[in-house]
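Taken in order, these protein sequences are the chains called A and B. Residue numbering for the first sequence follows our numbering, beginning at 3 and increasing consecutively. Residue numbering for the second sequence follows our numbering, beginning at 3 and increasing consecutively. Yeah, the Cβ is synthetic: ideal placement off N, Cα and C, and Gly gets one too. A short write-up of the structure that comes next.
Number of protein chains: 2
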Amino acid sequence: MAPHVTVYEVGPRDGLQNEAAVLSTPDKLRLIDALAGAGLRSIEATSFVSPRWIPQLADADALSAALPELPGVSYLALVPNARGLERLLAARAGRSLPGRPELRPAVFVSASETHNLRNQNRGVEATLSDIGRVAATAKAEGLALRGYVSTAWGCPFEGAVKPGRVVEIAERLLAAGCYQVSLGDTVGVGTPGQTRALVELALRSAPPEAIALHMHDTRGTALANVLAALDRGIRTFDASIGGLGGCPYAPGASGNLATEDLVYMLQGMGFETGVDLGRLVAAGALAERLVGRRLPGRTLQAERARRTGEA
Amino acid sequence: MAPHVTVYEVGPRDGLQNEAAVLSTPDKLRLIDALAGAGLRSIEATSFVSPRWIPQLADADALSAALPELPGVSYLALVPNARGLERLLAARAGRSLPGRPELRPAVFVSASETHNLRNQNRGVEATLSDIGRVAATAKAEGLALRGYVSTAWGCPFEGAVKPGRVVEIAERLLAAGCYQVSLGDTVGVGTPGQTRALVELALRSAPPEAIALHMHDTRGTALANVLAALDRGIRTFDASIGGLGGCPYAPGASGNLATEDLVYMLQGMGFETGVDLGRLVAAGALAERLVGRRLPGRTLQAERARRTGEA
Chain A
3 MAPHVTVYEV GPRDGLQNEA AVLSTPDKLR LIDALAGAGL RSIEATSFVS
53 PRWIPQLADA DALSAALPEL PGVSYLALVP NARGLERLLA ARAGRSLPGR
103 PELRPAVFVS ASETHNLRNQ NRGVEATLSD IGRVAATAKA EGLALRGYVS
153 TAWGCPFEGA VKPGRVVEIA ERLLAAGCYQ VSLGDTVGVG TPGQTRALVE
203 LALRSAPPEA IALHMHDTRG TALANVLAAL DRGIRTFDAS IGGLGGCPYA
253 PGASGNLATE DLVYMLQGMG FETGVDLGRL VAAGALAERL VGRRLPGRTL
303 QAERARRTGE A
Chain B
3 MAPHVTVYEV GPRDGLQNEA AVLSTPDKLR LIDALAGAGL RSIEATSFVS
53 PRWIPQLADA DALSAALPEL PGVSYLALVP NARGLERLLA ARAGRSLPGR
103 PELRPAVFVS ASETHNLRNQ NRGVEATLSD IGRVAATAKA EGLALRGYVS
153 TAWGCPFEGA VKPGRVVEIA ERLLAAGCYQ VSLGDTVGVG TPGQTRALVE
203 LALRSAPPEA IALHMHDTRG TALANVLAAL DRGIRTFDAS IGGLGGCPYA
253 PGASGNLATE DLVYMLQGMG FETGVDLGRL VAAGALAERL VGRRLPGRTL
303 QAERARRTGE A
């Protein structure tokens, strides 16, 4: 049996959060349905941040209440604090559809103080204490909690970030109760030597299934970093359909690793992902129509061009 | 001392050959000057194919005669046959500038029969015999000869290509007198497992310095394939400034690996390339102005966006 790799699709949250277009709730549900139809089983759907901060995700409550129950599909929603988790629980309770799909909360913190201050208006320690409270409630409610560490390869304000600091924060998220921590290259500066060092350090204190990677393709290195982590036993990667999301600090540049590029490489290497690449590319084309711009995903563009050329 | 990696810049030939815009000879010389100024020391400048086939490179004779002699810089020009090599020799003899920069001929053949028939209007064996004659003349003239094997990861007409066949052809090019053979992923389908297998097979009969890789980034996997080859000791890679060239079989899609993405990753991994990344990005911006379109190189776009954001 081929070894399995789990892909976390973050387009509907991390992707749409950084797009200029604000999609309607039904359009988001169409995209989520297409992603699940392509075989993705872990879909980050929204974020319970204040609508004033991120208007693109202002419908988090309505969207969460309307998420379809699909076989094997789990959704995730970011919760920045205890209030966010309360909203998630209320959305679950007030569902407009029958069934109760799994909706996991996810907590996030930056590895660099300045990025956390700019992103959350508080320091890393303050965020970590709040995560402790969120984790306790999540545990009491029987909810699996995922964690994210941003700026794990570098910070747009502070530059280099020490791997020891990243791993220390990841360990604290795991100790608080997260089943997995996803390390994020928020600004897309990572190169494979750095990735090897970071992953090796993380694996000294955590099993491979507790660590995921969230790479950005800002400088074309995302899949090389994924390869470096695969070689060391990491089997969970985040990606965004079509590369949806751009780069928050660099409008016009590429940001999130495109899900179809990740799946293309994994399938070529003999990993089993459960994803149908053709349907995934179709979901990417839908994402382009919904946001009204051409997305940067390479495989998406290659498939479009190939079909145009054949037609 | 940091380990060295040699980057062959193929933008002025492989890149421009696949652009719709036809650049003037002075504009090509400006681009070549910017590339050399960034520290690139091996620059593929043109091709002595028939101008009827490739109008973008119809000035091969004039351009070759006008290439500036720059410290440490070697140029390469493709020669499809004995006539091409004659033209290269005549261009060297009839130089319009003082000095005689090194202008190396390069021969090429596909690993798949159908691609070679479509590209050269003859079979692989016919091309290989002609290469034997070209190699004999090059040797007599004291010229270092480079070889290329196209469709080494897959063929747009035949699909999968056997690594054994690729290596057999590479061995014949080396036996004919090539100092190095560059294996090309012409359609950008390669994934790292395949790259490892191909490189390992090639290194059974050739030393690492005799093998180079020429990856395309059509599906975002170019740098992951470079990493797989670096891990096995390959130290020479081809790339095209800004990703110049697109994909010949898929207009609109990405083709050649962008030089600045390659250099960014190599520098991040501690390899010494002799290239100044800032000047390389500036050369990419010049390439964009000359061809009149935005190029797909990720680092180029990220740097532009970063500067725009800061401005």
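The shortest CA-to-CA distance from B/Glu173 to any of B/Gly190, B/Leu268, B/Val151 and B/Pro28 is the one to B/Val151.
Listed along the chain, the chain B residues whose CB falls inside 9 Å of the CB of A/Ala260 are Gly222. Membership of A/Asp240 in the beta strand (DSSP E) is indicated by the continuous run Thr238 to Ala241.
Bounds of any beta strand (DSSP E) do not take in B/Ser114, whose DSSP letter is neither H nor E. Cβ neighbours of A/Pro57 within its own chain (closer than 8 Å, five residues either side excluded): Val24. Excluding residues up to 5 positions away in sequence, Ser114 and Thr116 lie with their Cβ nearer than 7 Å to the Cβ of A/Glu160 in the same chain. Of the residues B/Leu80, B/Val109 and B/Ala226, the one whose Cα lies closest to the Cα of A/Leu268 is B/Ala226.
Distances from the alpha-carbon of B/Glu305 to those of A/Gly190, A/Ala212 and A/Gly245 put A/Gly190 closest. Interface flag for A/Gly17 against chain B is unset, since no Cβ pair is found closer than 8 Å.
For A/Arg300, a Cβ of chain B is located within less than 8 Å of the residue's own Cβ. Restricting attention to beta strand (DSSP E) runs no shorter than 3 residues, the stretch 176 to 216 of chain A encloses them at 182 to 186 and 213 to 216, ordered along the chain. At least one CB atom of chain A sits nearer than 8 Å to the CB of B/Leu229. Within the same chain, Gly179 come within 7 Å of B/Lys141 by CB-CB distance, once the 5 residues on both sides are set aside. In the DSSP assignment, A/Gly299 falls outside any beta strand (DSSP E) and carries neither an H nor an E.
DSSP places B/Ala47 in the uninterrupted beta strand (DSSP E) bounded by Ser44 to Ser49. Here the alpha carbon of A/Thr220 sits roughly 28 Å from the alpha carbon of A/Ser76. Taking 8 Å as the cut-off, the beta carbon of A/Leu205 is found no closer than this to the beta carbon of A/Leu185. For A/Leu80, the pairing in a beta bridge is given by DSSP as A/Ser49 and A/Ala108. Using a CB distance below 7 Å, no part of the stretch 61 to 89 of chain B faces chain A. The beta carbon of B/Arg167 sits closer than 6 Å to the beta carbons of Ala113 from its chain, once the five residues preceding and following it are set aside; these are given in chain order.
Counting only the Cα atoms, A/Glu11 lies some 5 Å from A/Ile45.
In terms of CA proximity to A/Thr8, A/Val277 leads the group A/Val277, A/Leu105 and A/Arg295.
Between A/Ser49 and chain B, the shortest Cβ-Cβ separation is not below 8 Å. Chain order gives the chain A residues near B/Gly195 as Gly270, Met271 and Gly272, where near means a beta carbon separation below 8 Å. Counted as a single uninterrupted DSSP element, the beta strand (DSSP E) harbouring B/Ser152 occupies residues Arg148 to Ser152. Below 8 Å, enough C-beta pairs join the stretch 67 to 87 of chain A and the stretch 97 to 108 of chain A to call them touching: three or more.
Interface criterion met: the Cβ of A/Asp219 is under 8 Å from a Cβ in chain B. At the C-beta level, B/Arg94 and B/Phe50 stay beyond 8 Å of one another. Proximity of B/Leu200 to chain A, defined by a Cβ-Cβ separation below 8 Å, is not satisfied. From the listed residues B/Gly96, B/Arg124, B/Leu176 and B/Gly257, the smallest Cα separation to B/Ala108 is found for B/Leu176.
Closer than 8 Å to the CB of B/Ser152 there is not a single CB belonging to chain A. Interface residue (Cβ-Cβ distance to chain B less than 8 Å): A/Ser256 is classified as such. Burial is judged here by how many other beta carbons sit within 10 angstroms of a residue's own beta carbon; B/His6 has fewer than 16 and is exposed. In the three-state scheme derived from DSSP, where H, G and I count as helix and E and B as strand, B/Gly86 is classed as helix. Between B/Phe239 and the set B/Gly39, B/Arg43 and B/Leu31, the nearest pair of CA atoms involves B/Arg43. According to the DSSP assignment, B/Glu262 belongs to the alpha helix (DSSP H) that extends over Thr261 to Gly270.
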